[in-house]
Amino acid sequence: MSLRIIPYPHPTLRVRSAPIRRVDQALKDLADEMLELMYSAQGVGLAANQVDLPLRMFVANPSGVKGEGEELVLINPELQMPRGNESEQEGCLSLPGIFGQVKRPKAIRLSAYDIQGNSIERNVDGFLARVLQHENDHLDGVLFFDRMNDEGRREFAGPLEELETDFRSKQSAGAIPSDADLLARLDHWRERYA
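Sequential numbering of the sequence shown, starting at 95, is according to this note's numbering.
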(Lines of atoms letter the chains of each structure in order from A; the text may use other names.)
(Lines give C-alpha, C1' and ligand atoms only; values in the text may rest on other atoms or scores of the structure.)
Protein backbone atom coordinates (compact mmCIF):
# COMPACT_ATOMS: atom_id res chain seq x y z
CA MET A 95 0.00 0.00 0.00
CA SER A 96 1.27 3.45 -0.79
CA LEU A 97 0.57 5.80 2.12
CA ARG A 98 0.45 9.56 1.91
CA ILE A 99 -0.02 12.27 4.50
CA ILE A 100 -3.55 13.63 4.32
CA PRO A 101 -4.02 17.40 4.60
CA TYR A 102 -6.31 19.36 6.89
CA PRO A 103 -9.38 19.40 6.79
CA HIS A 104 -9.54 15.75 5.66
CA PRO A 105 -12.26 14.18 7.85
CA THR A 106 -10.08 11.28 9.06
CA LEU A 107 -8.02 13.82 11.02
CA ARG A 108 -11.07 14.34 13.27
CA VAL A 109 -11.88 10.64 13.76
CA ARG A 110 -11.28 9.00 17.14
CA SER A 111 -9.13 6.00 16.27
CA ALA A 112 -10.09 2.43 17.13
CA PRO A 113 -7.91 0.31 19.43
CA ILE A 114 -5.88 -2.30 17.58
CA ARG A 115 -6.82 -5.88 18.52
CA ARG A 116 -4.45 -7.78 16.24
CA VAL A 117 -1.09 -7.24 14.59
CA ASP A 118 -0.08 -9.00 11.40
CA GLN A 119 2.71 -8.58 8.88
CA ALA A 120 0.63 -6.13 6.84
CA LEU A 121 0.26 -3.83 9.87
CA LYS A 122 4.00 -4.10 10.56
CA ASP A 123 4.63 -3.13 6.94
CA LEU A 124 2.29 -0.13 7.34
CA ALA A 125 4.24 0.97 10.43
CA ASP A 126 7.51 0.72 8.47
CA GLU A 127 5.99 2.73 5.64
CA MET A 128 4.77 5.35 8.13
CA LEU A 129 8.30 5.71 9.49
CA GLU A 130 9.72 6.17 6.00
CA LEU A 131 7.03 8.72 5.16
CA MET A 132 7.70 10.59 8.42
CA TYR A 133 11.43 10.78 7.65
CA SER A 134 10.88 11.85 4.05
CA ALA A 135 8.57 14.64 5.25
CA GLN A 136 11.18 15.69 7.84
CA GLY A 137 8.82 15.01 10.73
CA VAL A 138 9.36 13.65 14.22
CA GLY A 139 6.02 11.86 14.54
CA LEU A 140 3.18 10.56 12.40
CA ALA A 141 -0.16 9.19 13.57
CA ALA A 142 -2.16 6.58 11.68
CA ASN A 143 -4.98 9.14 11.24
CA GLN A 144 -2.59 11.27 9.24
CA VAL A 145 -2.24 8.53 6.63
CA ASP A 146 -6.00 7.83 6.54
CA LEU A 147 -5.93 4.83 8.91
CA PRO A 148 -8.42 4.98 11.83
CA LEU A 149 -6.21 2.92 14.13
CA ARG A 150 -4.58 3.72 17.50
CA MET A 151 -0.99 3.65 16.33
CA PHE A 152 1.69 6.23 15.73
CA VAL A 153 5.37 6.35 14.94
CA ALA A 154 7.92 8.78 16.32
CA ASN A 155 11.60 9.62 16.44
CA PRO A 156 12.42 12.91 18.16
CA SER A 157 15.66 13.22 16.16
CA GLY A 158 13.71 13.18 12.89
CA VAL A 159 16.65 11.37 11.28
CA LYS A 160 16.58 7.72 10.22
CA GLY A 161 19.24 5.73 12.04
CA GLU A 162 19.61 8.34 14.79
CA GLY A 163 17.68 8.81 18.02
CA GLU A 164 14.96 6.52 19.32
CA GLU A 165 12.56 5.08 16.75
CA LEU A 166 9.16 4.19 18.23
CA VAL A 167 6.10 2.39 16.90
CA LEU A 168 3.39 2.67 19.56
CA ILE A 169 0.13 0.75 19.54
CA ASN A 170 -2.84 1.65 21.76
CA PRO A 171 -0.86 4.28 23.67
CA GLU A 172 -2.14 5.79 26.90
CA LEU A 173 -0.59 8.89 28.43
CA GLN A 174 -1.05 9.47 32.15
CA MET A 175 0.33 11.32 35.16
CA PRO A 176 1.02 14.68 33.48
CA ARG A 177 3.50 16.84 35.41
CA GLY A 178 4.46 20.47 34.95
CA ASN A 179 3.62 22.67 31.98
CA GLU A 180 5.53 24.45 29.26
CA SER A 181 4.65 26.26 26.08
CA GLU A 182 6.57 25.41 22.91
CA GLN A 183 6.09 25.83 19.19
CA GLU A 184 4.47 22.94 17.32
CA GLY A 185 3.68 22.18 13.72
CA CYS A 186 2.01 19.30 11.93
CA LEU A 187 2.70 17.39 8.73
CA SER A 188 -1.03 17.63 7.89
CA LEU A 189 -0.89 21.44 8.26
CA PRO A 190 2.26 22.33 6.29
CA GLY A 191 3.82 25.69 7.10
CA ILE A 192 1.58 26.39 10.10
CA PHE A 193 3.17 26.66 13.55
CA GLY A 194 1.97 27.86 16.93
CA GLN A 195 2.64 27.88 20.65
CA VAL A 196 1.01 24.99 22.52
CA LYS A 197 1.02 24.51 26.29
CA ARG A 198 1.49 20.88 27.33
CA PRO A 199 2.69 18.90 30.35
CA LYS A 200 6.49 18.65 30.55
CA ALA A 201 6.43 15.01 31.65
CA ILE A 202 4.04 12.06 31.25
CA ARG A 203 3.76 8.33 31.89
CA LEU A 204 3.54 6.27 28.67
CA SER A 205 1.78 2.90 28.49
CA ALA A 206 1.64 1.22 25.08
CA TYR A 207 2.63 -1.81 23.05
CA ASP A 208 5.36 -1.95 20.45
CA ILE A 209 4.81 -3.54 17.04
CA GLN A 210 6.01 -6.92 18.40
CA GLY A 211 3.35 -6.86 21.13
CA ASN A 212 5.73 -6.05 23.98
CA SER A 213 4.35 -3.85 26.75
CA ILE A 214 5.99 -0.44 27.20
CA GLU A 215 5.73 1.42 30.51
CA ARG A 216 7.96 4.42 31.05
CA ASN A 217 8.19 7.98 32.24
CA VAL A 218 8.92 10.46 29.47
CA ASP A 219 9.83 14.14 29.59
CA GLY A 220 11.11 16.95 27.40
CA PHE A 221 10.72 17.02 23.65
CA LEU A 222 9.78 13.34 23.39
CA ALA A 223 6.91 13.89 25.85
CA ARG A 224 5.65 16.72 23.63
CA VAL A 225 5.90 14.58 20.47
CA LEU A 226 4.02 11.70 22.12
CA GLN A 227 1.26 14.03 23.34
CA HIS A 228 0.90 15.64 19.91
CA GLU A 229 0.64 12.27 18.14
CA ASN A 230 -1.67 10.82 20.79
CA ASP A 231 -3.98 13.82 20.29
CA HIS A 232 -4.24 12.87 16.62
CA LEU A 233 -5.59 9.46 17.66
CA ASP A 234 -8.43 11.29 19.42
CA GLY A 235 -9.13 13.59 16.46
CA VAL A 236 -7.49 16.57 18.17
CA LEU A 237 -5.18 18.90 16.23
CA PHE A 238 -2.50 21.03 17.84
CA PHE A 239 -4.34 24.30 17.22
CA ASP A 240 -7.27 22.93 19.27
CA ARG A 241 -4.92 23.15 22.29
CA MET A 242 -3.99 26.78 21.66
CA ASN A 243 -5.51 29.78 23.40
CA ASP A 244 -8.08 31.96 21.60
CA GLU A 245 -5.50 34.53 20.53
CA GLY A 246 -3.28 31.86 19.01
CA ARG A 247 -6.22 30.29 17.16
CA ARG A 248 -7.24 33.68 15.74
CA GLU A 249 -3.82 33.93 14.09
CA PHE A 250 -4.60 30.66 12.28
CA ALA A 251 -8.00 31.71 10.94
CA GLY A 252 -6.69 32.86 7.55
CA PRO A 253 -4.30 29.96 6.82
CA LEU A 254 -6.85 27.38 8.00
CA GLU A 255 -9.54 28.92 5.83
CA GLU A 256 -7.19 28.71 2.83
CA LEU A 257 -6.57 25.01 3.48
CA GLU A 258 -10.31 24.38 3.89
CA THR A 259 -11.17 26.28 0.70
CA ASP A 260 -8.51 24.40 -1.28
CA PHE A 261 -9.69 21.02 0.02
CA ARG A 262 -13.38 21.74 -0.61
CA SER A 263 -12.71 23.08 -4.11
CA LYS A 264 -10.84 19.86 -4.95
CA GLN A 265 -13.81 17.89 -3.63
CA SER A 266 -16.19 19.95 -5.78
CA ALA A 267 -14.02 19.29 -8.82
CA GLY A 268 -14.04 15.54 -8.09
CA ALA A 269 -10.31 15.35 -7.35
CA ILE A 270 -11.06 14.32 -3.76
CA PRO A 271 -14.06 12.16 -2.74
CA SER A 272 -16.79 13.57 -0.50
CA ASP A 273 -16.35 13.47 3.27
CA ALA A 274 -18.96 10.69 3.49
CA ASP A 275 -17.07 8.58 0.94
CA LEU A 276 -13.75 9.22 2.66
CA LEU A 277 -15.14 8.16 6.04
CA ALA A 278 -16.87 5.07 4.61
CA ARG A 279 -13.48 3.72 3.49
CA LEU A 280 -12.30 3.59 7.10
CA ASP A 281 -14.59 0.66 7.94
CA HIS A 282 -12.26 -1.75 6.11
CA TRP A 283 -9.42 -0.95 8.51
CA ARG A 284 -11.62 -1.13 11.60
CA GLU A 285 -12.95 -4.54 10.56
CA ARG A 286 -9.45 -5.85 9.92
CA TYR A 287 -7.64 -4.62 13.03
CA ALA A 288 -10.06 -3.22 15.62
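For every residue, glycine included, the Cβ atom is placed at its ideal position computed from N, Cα and C.
Identified DSSP bridge partners for residue i
| i | result |
| --- | --- |
| PHE152 | ALA141 and LEU168 |
| ASN217 | ARG203 |
| GLU291 | The shown model of the chain, from 95 to 288, leaves out residue 291, and the question about it has no answer. |
| GLY161 | Bridge partners of GLY161: none, in fact. |
CA-to-CA distance, residue j to residue i, given in whole angstroms
| i | j | result |
| --- | --- | --- |
| ALA278 | VAL167 | 26 Å |
| SER96 | LEU147 | 12 Å |
| GLY220 | PHE239 | 20 Å |
| ILE202 | LEU226 | 9 Å |
| LYS122 | TRP283 | 14 Å |
| ARG224 | LEU280 | 28 Å |
| ILE214 | ILE169 | 10 Å |
| GLU130 | ILE99 | 12 Å |
Given residue i as reference, the closest of the options once Cα atoms are compared
| i | options | result |
| --- | --- | --- |
| GLY178 | GLY252, ILE114 and PRO199 | PRO199 |
| SER157 | GLU165, MET151 and ARG150 | GLU165 |
| GLU127 | LYS160, GLY252 and PRO113 | LYS160 |
| PRO101 | ARG216, ILE114 and GLY185 | GLY185 |
| ALA125 | SER134, ALA142, ARG115 and VAL236 | ALA142 |
| LEU254 | ASP231, GLY191, LEU129 and LYS264 | GLY191 |
| GLY194 | VAL218, ASN243 and TYR133 | ASN243 |
Neighbourhood of residue i by C-beta, 6 Å cutoff - its chain only, sequence neighbours within 5 removed
| i | result |
| --- | --- |
| SER205 | GLU172 and GLU215 |
| ASP234 | ARG110 |
Cut-off 7 Å between Cβ atoms - residues of its own chain near residue i, not counting five sequence neighbours on either side
| i | result |
| --- | --- |
| PRO113 | ARG150, ASN170 and ALA288 |
Could you tell me whether the segment 209 to 218 touches the segment 127 to 145, where touching means 3 or more Cβ pairs closer than 8 Å?
no
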